Each structure stands twice: as structure tokens, then as C-alpha cells.
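Below is one structure; the comments refer to it alone.
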Amino acid sequence: MSNNDALKKMSKYILNGAKMLQVSCPNCNIPLIQEKNSAKIFCANCLKEAQYVQNKEEAEKLEEKISLEQSSKPILSELESILIGKLQLLSTQIATETNLDQLENILKVNLKLMKNIALLSKLKKKFNKK
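When we follow my numbering, the leftmost residue of the sequence shown carries the number 9, and every step to the right adds one.
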């Protein structure tokens, strides 16, 4: 993309109230934009969100947070797969179980598994947004 195209994109955001910052995008070297009435900072050219840090300590904390989030994604997916497998196993037991007390226990575990799967799904979505 040419600099002229990037300038056109930036001007649209600025005309809508966004402000151009003194800091440039590390990818394309175009000045970053901050949305009006928001702390969101992004590159109008790359359309990638950016986070502005004041000092080295903040940068290190941010890098650590991003690293933790990235390493958590595969773990969450693996755990979700395991829980779904257990849910499938219990579903077959429900079909064949005749003891009502045992059936009640299986259903309780099933409910806990479903809640945990839903929670993992929310966590994965949260991490994928970042």
C-alpha cells in the first residue's frame, strides 16, 4: 500500500475525531491513531491495534502478558477437547444406566463438564480478541 493510500485512511479517521499520535507503527512506520473518546490506539494502514507504553518496565509487563496469553491458547484448546471427550463418554453411560442414583451422579458431572466447556470457550474467545 502506498503512503498516499495510508494518508487517505488516516485522514478519514482524523475527520471523524480521532487524533494522530507522535508514535509510529512498528510495522509500517505510519503514525498511530487514537480513536475519539477511547483509549484504543491502532494503525490506520495495518489496521492492527497497538498499545503505547511509557517506559521499559511497562513494555516488559506487556510482553509478559502477551506471552502468557499466547502460551495459554493451546492449553485451553487441549483442555476443552479433553472435557468434550469426557462429556461424550458420560453421554453413552446415560443411555445405558439403570440405577437412578448413579444416573443422577452422572448428570451432575455432565452439568459441571458443560459449564467448564462454556467457560473455556469464553476464555478462548477473550484471548483470540487480543
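The beta carbon of each residue, even a glycine, is placed where N, CA and C say it ideally should be.
None of the values given here were measured: they were computed from a predicted structure.
Boundaries of the beta strand (DSSP E) harbouring P39: P39 to Q42, taken from the DSSP string.
Cβ atoms of I125 and L95 come within 8 Å of each other, at about 7 Å.
In this structure, N24 sits away from K48, with a CB-CB distance that is not shorter than 9 Å. For S32, the uninterrupted beta strand (DSSP E) segment begins and ends at K27 to S32. Under the criterion of beta carbons closer than 8 Å, S85 and K123 do not qualify as touching, at roughly 18 Å. The beta carbon of Q101 sits closer than 6 Å to the beta carbons of I114 from its chain, once the five residues preceding and following it are set aside; these are given in chain order. Judged by DSSP in its simplified three-state form, A58 adopts strand. Closest by C-alpha distance to I83, out of K17, L128 and L119, is L128. A residue is called buried once 16 or more other Cβ atoms fall within 10 Å of its Cβ, and I38 is buried on that count. Residue pairing by DSSP puts F50 in a beta bridge opposite I41 and E57. One Cα belongs to S32, the other to S89, and the distance between them is close to 41 Å.
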